[in-house]
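Counting from 1 along the sequence shown, just add 1389 to a position and that's the residue number in the numbering used here. Just so you know, even glycine gets a beta-carbon here, dropped at the ideal spot from N, CA and C.
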Amino acid sequence: MKFSEVKFLSSHEREIWLKNITRKYENDLRQSFNILELLKSQILDAYHSIENDAIKIFHEDKIKLRGRLKLINEQICDKCGAKIERTTGPYGDYLICPNYHYGEGHSKLSYSYINDEYIQRLHNNCHVRIRSNWLFQIRQIVDVPESAKASHLLQYLLVNGYEDLRLKYGYRETNKTIGGFVLASSNANETELKTCDILESHFDTVIHQLGIKYKLNEGSKMEYRFIDILASNEQAVYIIEVKRDAMFFDDNQISLYYNLVKHAMAERHDNRRLYPVFVVQEDPSYLKKYNESVNYLALDNLKTWLTRHTINPVLPVYRLQSAN
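Structure follows, in structure tokens:
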């Protein structure tokens, strides 16, 4: 990828750009509030409908849970009260109601499920379930204009005294899982700063939120990007993107950052090696599947890694196809 111009933003330029973005967000939010106010009664109806439907399903699930526990503990069919029989089938032993084949709703359960882990899972799964896209459900029900984004709708509900449904029923705050520049920036900032603190004692230079402005060609408009962290020592420069979860790994994003920094380094005749690295907040087991294609470090493991490589540390890097 080639560029006609690549410049790092000064602190003053970065401050001006962020103020402009914040001002734009606040202006967009005001306009959205005006739109949402006209749809207020419909929005609140949809809000209550989503919550009431979730509560209704929860009560139905509780009835099913009681029936399943009755089957396990008393070995009685919840529908007809018949004594459950243990029988052997092609896939193992079952607890089955003698009337199972005479109508729907009679009990049947694989005998292998009768254990404490399964029973605990039944209890854990019985709760009020609010979908992560509940704000988008409201927007679809009410046909909210696209200009009023999900983050605006959430702010509107909170300002009017209505709770975040996800948070109310034990999930993570919705503003941590939706877009919106200001919300996303404030949520990510704490983790990025924590990562910077770990890196600073091991690298010569650590820059947080490095701004870059660039043009693809002479006639194109100026674009702006911000790299989470740029860390460097005598041997190498690292582009570090901090993500909450591996699902947010973005090849296109980090490839663009790589090419931008590589261009700027070439103009300065800087011949150090350049590497992109992902850092994730947590390291659950399912992340292991990314090892084949993406090298990453969990935030909790970053400090340990660096303490083992105290002199000119080399982070495990994500090697792009275009990297040397």
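query	result
When we look at the beta-carbon of residue 1550 and count the other beta-carbons within 10 Å, is it buried (16 or more) or exposed?	exposed
Can you find at least 3 beta carbon pairs, one from the stretch 1583 to 1598 and one from the stretch 1612 to 1629, that sit closer than 8 Å?	yes
Anyone know if the C-beta pair for residue 1650 and residue 1626 falls short of 8 Å?	yes
In its own chain, which residues sit with a C-beta less than 6 Å from the C-beta of residue 1606, not counting the 5 before and 5 after it?	1393
If you reduce the DSSP assignment to three classes, tell me which class residue 1550 lands in.	coil
Return the first residue and the last residue of the alpha helix (DSSP H) that residue 1453 is part of.	1429 to 1463
Looking at the secondary structure, which residues open and close the beta strand (DSSP E) in which residue 1621 lies?	1612 to 1621
What are the partner residues of residue 1602, as DSSP defines its beta bridges?	1396 and 1613
Under a three-way DSSP split, which group does residue 1659 fall into?	coil
If we cut at 8 Å on Cβ distances, does residue 1564 have a partner in chain C?	Here there is only one protein chain, and chain C is not present.
Buried or exposed, going by whether 16 or more other CB atoms sit within 10 Å of the CB of residue 1404?	exposed
Quick one: grab the DSSP three-state call for residue 1682.	In this prediction, residue 1682 scores a pLDDT of 49, lower than 50, which makes its location untrustworthy; the coordinate-derived value is nonetheless stated afterwards. Coil, per DSSP.
Less than 8 Å between the C-beta atoms of residue 1584 and residue 1427, yes or no?	no
Looking at the unbroken beta strand (DSSP E) that takes in residue 1482, where does it start and where does it end?	1481 to 1485
Suppose you measure from the CA of residue 1391 to the CA of residue 1545; what does that come to, to the nearest Å?	43 Å
Quick one: what does DSSP say residue 1541 is sitting in, helix, strand or coil?	helix
Taking only three categories from DSSP, how would you classify residue 1424?	helix
So, with DSSP's three-state summary, where would you put residue 1533?	coil
Skipping 5 residues on each side, what residues in its chain have a beta carbon closer than 6 Å to that of residue 1556?	1562
From residue 1565 to residue 1553, what distance separates their C-alpha atoms?	12 Å
Quick check on the DSSP output: the beta strand (DSSP E) that includes residue 1474 runs from which residue to which?	1474 to 1478
With which residues is residue 1560 paired in a DSSP beta bridge?	Paired residue(s): none; residue 1560 is not in a bridge.
Count the other CB atoms, across all protein chains shown, that sit within 10 Å of the CB of residue 1559; report buried if there are 16 or more and exposed otherwise.	exposed
Between which two residues does the alpha helix (DSSP H) harbouring residue 1507 extend?	1505 to 1513
Considering only the alpha carbon of each residue, which of 1459, 1645, 1656 and 1581 lies closest to residue 1691?	1581
Could you check where the beta strand (DSSP E) with residue 1378 kicks off and where it finishes?	Because the chain spans 1390 through 1713 in this model, residue 1378 falls outside it and cannot be assessed.
Comparing C-alpha positions only, which one of 1488, 1526, 1647 and 1636 sits nearest to residue 1435?	1526
Flag this pair as yes or no: are the beta carbons of residue 1531 and residue 1461 separated by less than 8 Å?	no
So, are the CB atoms of residue 1398 and residue 1610 less than 8 Å apart?	no
Within the continuous beta strand (DSSP E) that includes residue 1625, where are the two ends?	1625 to 1632
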